[in-house]
């Protein structure tokens, strides 16, 4: 039945083909949280727009109108709600990010949307939603569920999507959603290269004045010095670089350029900041030993453990530095 409603390649549910003509559906899942499903979806949306660039772009106000009709319990009060949309020359892409706290009634909603292609409203007819031939649905499935549904896997919970009918699904991972090295990563890797080469003690370093590093070179650097972090999920890598960037930026302060001891201070502070960043990016608390029952309940914290950074400071036998936003 779905093959008559959507143009997906139903013979291969693992195929990720954004070149398909609408209407079509794509599910996005991941075994772990923070794998960047939303990021991959946004990249796919940009690729879809490039492929269909001859079609008109939806104005933002029209997009809001459509979404208000879509979620019928959010009544649309915009004066232009009756605006006509040319289906042949317009492409509408929906990114549905389903919450981990959703109820099982979401399956009923998805059945109305994807199978019946029509959602009735309890109020006015103008607020009913109907799937048209110019629509694409990119559906983000939560990796974990709230406590009430924690005993179920996402495939068991969303039985409509993972039963007899095999919806096209992208399993988001580091392989198909590589981490993107942005400004913070460029700056901090340049700085850390100088640190590991011993140059912080010799001269003034300004990463902004250096040429940008190539992606492969940054990947090799991370694999050499931070292997575990380079293989972690995108959210952990992003937090690693953001923390480093915030801590290292103040070291460009002119005070460090004039003080004769600044070179050694920069080196020592950088060393401390890197050690803290390695801890903070992957865990906020120390390793917790859970019994079998606690593991089954997916308990992450007993409430008794100390914040890991504070614990490190209390137990450290070496000097630790924390650079404030004002450079203090």
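Residue numbers (full-length UniProt numbering): 1 to 328.
Just so it is clear, CB atoms sit at the ideal spot from N, CA and C, and this is done for glycine as well.
Note that the coordinates shown come from a computational prediction; the quantities given were computed from them, not determined experimentally.
Check: Burial state of residue 185 (16 or more Cβ within 10 Å); Outcome: buried
Check: Collapsed DSSP secondary structure at residue 267 in the structure displayed; Outcome: helix
Check: Local conformation of residue 35 per DSSP, three classes; Outcome: coil
Check: Which residues DSSP lists as bridging residue 330, in chain order; Outcome: Limits of the chain in this structure are 1 at one end and 328 at the other, which puts residue 330 out of reach.
Check: Enclosing beta strand (DSSP E) for residue 28 [first to last residue]; Outcome: 24-29
Check: Whole-angstrom C-beta distance between residue 138 and residue 94, which should lie under 8 Å; Outcome: 7 Å
Check: Start-to-end residues for the alpha helix (DSSP H) that takes in residue 236; Outcome: 234-248
Check: Beta-carbon proximity list for residue 230, same chain, < 6 Å, skipping 5 on both sides; Outcome: 222 and 223
Check: For residue 298, the three-state DSSP class (helix, strand or coil); Outcome: Note on residue 298: pLDDT 49, under 50, position unreliable in the model; the coordinate value appears next. Residue 298 falls in the coil class under three-state DSSP.
Check: Residue range of the unbroken beta strand (DSSP E) whose run includes residue 96; Outcome: 92-97
Check: Close beta carbons around residue 142, own chain, < 8 Å, minus the five adjacent residues each side; Outcome: 98, 99, 100, 102 and 154
Check: Inter-residue spacing [alpha-carbon to alpha-carbon] between residue 5 and residue 20; Outcome: 13 Å
Check: Beta strand (DSSP E) segment containing residue 333, residue limits; Outcome: Residue 333 lies beyond the stretch modelled for the chain, which goes from 1 to 328, so this question has no answer here.
Check: 6 Å CB neighbourhood of residue 131 in its chain, flanking five on each side removed; Outcome: 117
Check: Which of helix, strand or coil DSSP assigns to residue 226; Outcome: coil
Check: Inter-stretch contact (C-beta, 8 Å, three-pair minimum) for the stretch 21-36 and the stretch 157-173; Outcome: yes
Check: Three-way DSSP call (helix, strand, coil) for residue 17 in this model; Outcome: coil
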